[in-house]
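Peer 1: Protein chains in written order, with UniProt numbering: chain X, 1 to 382; chain A, 1 to 382.
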């Protein structure tokens, strides 16, 4: 397919914008007459259309999950370690679909795209969404791609929440569900982090009530703070210690507010680079979708009752060092699935980095994914 | 002493401002020609001056540790559960001294007080301080009060750090050291939280480089965010769950950014009330003092070497649910004290609330304090 890329890479990929012409009724009650989704696909859909795998992204993810956008591109997609020929999500066997969710900021219809009714960016007029809304939108995408039933729906973190919602809302369309580093709903502490991130953005004077596009500015400080805060929850305390110690960059204290410790430098860098690639309104929307996620809620606060609708078989994966969505939260999912009589495998991966480990090429993790997906592929006849 | 106050209360107390006339050379190299400290005392200094106990406050604490400021006052000092006649720190036996630290904002010389050289608030001209600087200032206060040696120096969290520094820098002046819910230095994660809090304040347009007093404004949003962030670390995940569940205040989602979950309401309230009583420059200074605290650093990164200077006997107390300064951090202190050949008792208190538990009247905690301080009092001849 290309030259100069690793042999196990999907190589050069070309995202495409897929129009969804059907009106979409959202949980908030509003209707989107149409929308567009930015999509990448890897591998080939087989004649039976039985080998399609959907990748659901996390809070700041997008459609670019694997491969490269041009020959000079040095950074592959965000889950390139897992997706490619011969990799756990093997593109020699699967047709992999990865999208930027509705409400995103990497090409799909969202707060930063132009509202056809006004000719200006939606901004705060863009509706807040739920994970259920995303599943509705992704189901329309599946229709557009001619995929009746996914061989597997796969996602980590907020992506894992979409996977669960798929099995509940579209039970006949999911053969296997891979729920990675997720939780059945947010804890009060999780919501607290989200709330502070939102307040940082909302209180930035450059936010202008979400209409910052019209003012030619970006709520840099607020979005930066939000991202810095996120990073605290993505890394374990131990990982931060190992990565930064409390290493001082200087021998003497400066007695001012310049960077003095490595972790300060890391956070400021992460915050700054995020501001350059992410939209503040999308960040707000994503955190609200997280807060709202609670599939048990519509089933008498009984998660097992929700999962009784599911037909998929499940693989649930947790990481020992994850304190954002700890293994305890994954076990809540597993217990509910068992109570619901569903077929579920559970893997606890020994890890050190924290929540971010779900993106890492940890050998035990990759083996589990490979073994499970090998079974999925065989069932799909590929 | 008063009417209408509980029998085990110190009752009505009157803070007083004590001038420290001696110049104070700070770790940053600057010299404060003089300063003032806001102080409360409870109980009576005995003739031998052997029964004095110093209370060191934490990040947002002050001199008002016990009793009431007027007859209508419904909220006693911040550690009233522990200080009073017949309470663990028994004011029938001890002369208790509580101060607002140098750099504070409750009456002691600090960024918000008037710089006599300019006639305007110090603001950013006030030097950043270290825990060592506080010990120097508190030692001058002890001189002013005629106290040669403390029967005990007691503090939780950042207060516990001052206690440790006292034993190292003024070994002959501390008989007993009570180090509660503290750490030998901050972890990278601790520093990360502080750094985000600082960035929230520093990036608030109303901060004006620390000269907001001159503009008649306060960096409300930044200080509020900083405090909200702090509260995440003061409560355990379990406590937050128990306290707020993820209880929605409304049956239907609002699909906007109004308060929807109890924890959001709690954080906004805590943030707002803090802004009304605390100074942003003091907050910055306090977080920096925390980051800089590292007594091992001046002794070849060997905490035991630092403690070899100490003459005090130690009580170290940790709380099982504290994730800000976890029991593991207290055990690091205990291990270093043991290696240094110091006399140390260690108590792990079973608790649920988190770091905030050091302020709570937990029976096991109060018994440990009471038993230990009974010994201290007997040794002091009271």
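Built from N, CA and C at the ideal position, the CB exists for glycine as well.
#1: Could you tell me which of A:136, A:160, A:183 and A:157 sits nearest to residue 173 of chain A, measuring between CA atoms?
#2: Return no unless some Cβ of chain X is closer than 9 angstroms to the Cβ of residue 104 of chain A.
#3: Closest to residue 185 of chain A by C-alpha separation, out of A:339, A:298, A:361 and A:102, would be which residue?
#4: So with Cβ pairs under 9 angstroms, would you call residue 199 of chain A a contact of chain X?
#5: Considering only their Cβ atoms, is the gap separating residue 183 of chain X from residue 329 of chain X smaller than 9 angstroms?
#6: For residue 264 of chain X, tell me which candidate among X:52, X:345, X:43 and X:228 has the shortest Cα-Cα distance.
#7: What are the start and end residues of the alpha helix (DSSP H) that includes residue 260 of chain A?
#8: Could you check whether the Cβ of residue 27 of chain X sits closer than 9 angstroms to any Cβ belonging to chain A?
#9: Near residue 381 of chain A, what residues of its chain come up, given a Cβ to Cβ distance below 7 angstroms and the 5 sequence neighbours on each side ignored?
#10: Taking the continuous beta strand (DSSP E) assigned at residue 19 of chain A, which residues delimit it?
#11: Please identify the residue among X:190, X:35 and X:18 whose C-alpha is closest to the C-alpha of residue 244 of chain A.
#12: What would DSSP say about residue 317 of chain A, mapped onto helix, strand or coil?
#13: By Cβ distance, which residues of its chain are closer than 7 angstroms to residue 334 of chain X, with the 5 residues on each side in sequence left out?
#14: Would you list, in chain order, the members of the segment 213-233 of chain A that have their beta-carbon closer than 9 angstroms to a beta-carbon of chain X?
#15: Please confirm whether residue 267 of chain X has its beta-carbon closer than 9 angstroms to some beta-carbon of chain A.
#16: Hey, does residue 379 of chain A have any beta-carbon neighbour from chain X nearer than 9 angstroms?
#17: Using 8 angstroms as the threshold, is the segment 52-63 of chain A in touch with the segment 94-105 of chain A, meaning 3 or more CB pairs across them?
#18: So, residue 164 of chain X versus residue 295 of chain X, is the Cβ gap smaller than 9 angstroms?
#19: Identify which residue in X:125, X:158 and X:143 has its Cα closest to the Cα of residue 132 of chain X.
#20: Mind the definition here: the segment 350-370 of chain X touches the segment 1-18 of chain A only if three or more C-beta pairs lie below 8 angstroms; say whether that holds.
#21: For the alpha helix (DSSP H) containing residue 220 of chain A, list its first residue and its last residue.
#22: Could you tell me whether the segment 197-204 of chain A touches the segment 215-222 of chain A, where touching means 3 or more Cβ pairs closer than 8 angstroms?
#23: Taking the straight line between their C-alpha atoms, what separation do you get for residue 306 of chain A and residue 168 of chain A?
#24: For residue 41 of chain A, report the span of its beta strand (DSSP E) as first-last.
#25: Smallest Cα separation from residue 280 of chain X: which of X:26, X:121, X:34 and X:12?
#26: Could you have a look at residue 1 of chain A and say whether DSSP puts it in helix, strand or coil?
#27: Taking residue 313 of chain X as the query, report the chain A residues whose CB atoms sit under 8 angstroms from its CB, ordered along the chain.
#28: Residue 353 of chain A versus chain X: which residues are under 9 angstroms apart at the beta carbon?
#29: Under 8 angstroms, with one C-beta from each stretch per pair, do the segment 116-130 of chain X and the segment 271-286 of chain X reach the 3-pair mark?
#30: Kindly list, in the order they appear in chain X, the residues whose Cβ is closer than 8 angstroms to that of residue 331 of chain A.
#31: Mind checking if residue 256 of chain X is an interface residue toward chain A, Cβ cutoff 9 angstroms exclusive?
#32: With DSSP collapsed to three states, give me the class of residue 76 of chain A.
#33: At a Cβ threshold of 9 angstroms, is residue 291 of chain X touching chain A?
#34: For a contact defined as C-beta to C-beta under 8 angstroms, what are the partners of residue 191 of chain X on chain A?
#35: For residue 322 of chain A and residue 181 of chain A, I'd like the C-alpha separation in whole angstroms.
#36: Which of the three DSSP states, helix, strand or coil, is assigned to residue 376 of chain X?
Peer 2: Considering the structure as presented:
#1: A:136
#2: no
#3: A:298
#4: True, the Cβ-Cβ gap to chain X drops below 9 angstroms.
#5: yes
#6: Of X:52, X:345, X:43 and X:228, the residue nearest in Cα terms is X:228.
#7: Residue 260 of chain A -> no alpha helix (DSSP H), and no H or E assigned at all.
#8: At least one chain A Cβ lies under 9 angstroms of residue 27 of chain X.
#9: Within the same chain, residue 381 of chain A has close Cβ partners 48 and 50.
#10: 16-20
#11: X:190
#12: strand
#13: Only residues of its own chain outside the window of five on either side were considered, and among them 316, 344 and 346 have a CB closer than 7 angstroms to the CB of residue 334 of chain X, listed in chain order.
#14: 220, 221, 222, 224, 225, 228, 229, 231 and 232
#15: It does: the Cβ of residue 267 of chain X has a partner Cβ on chain A nearer than 9 angstroms.
#16: So, not an interface residue.
#17: yes
#18: Yes, Cβ-Cβ distance for residue 164 of chain X and residue 295 of chain X is below 9 angstroms.
#19: X:158
#20: no
#21: 220-234
#22: Touching, per the Cβ criterion.
#23: 6 angstroms
#24: 35-42
#25: X:121
#26: Model confidence at residue 1 of chain A stands at a pLDDT of 46, short of 50, so the residue's coordinates are unreliable and nothing is read from them.
#27: What residue 313 of chain X touches in chain A: nothing, since even the nearest Cβ is about 29 angstroms away.
#28: Within 9 angstroms Cβ-Cβ: nothing; residue 353 of chain A doesn't reach chain X, min ~13 angstroms.
#29: yes
#30: In chain order: nothing, as chain X lies at least about 15 angstroms away.
#31: yes
#32: Taken through DSSP and simplified to helix, strand or coil, residue 76 of chain A comes out as coil.
#33: yes
#34: 246, 261, 263 and 264
#35: Approximately 8 angstroms, taken between the alpha carbons.
#36: DSSP places residue 376 of chain X in helix when its eight states are reduced to three.
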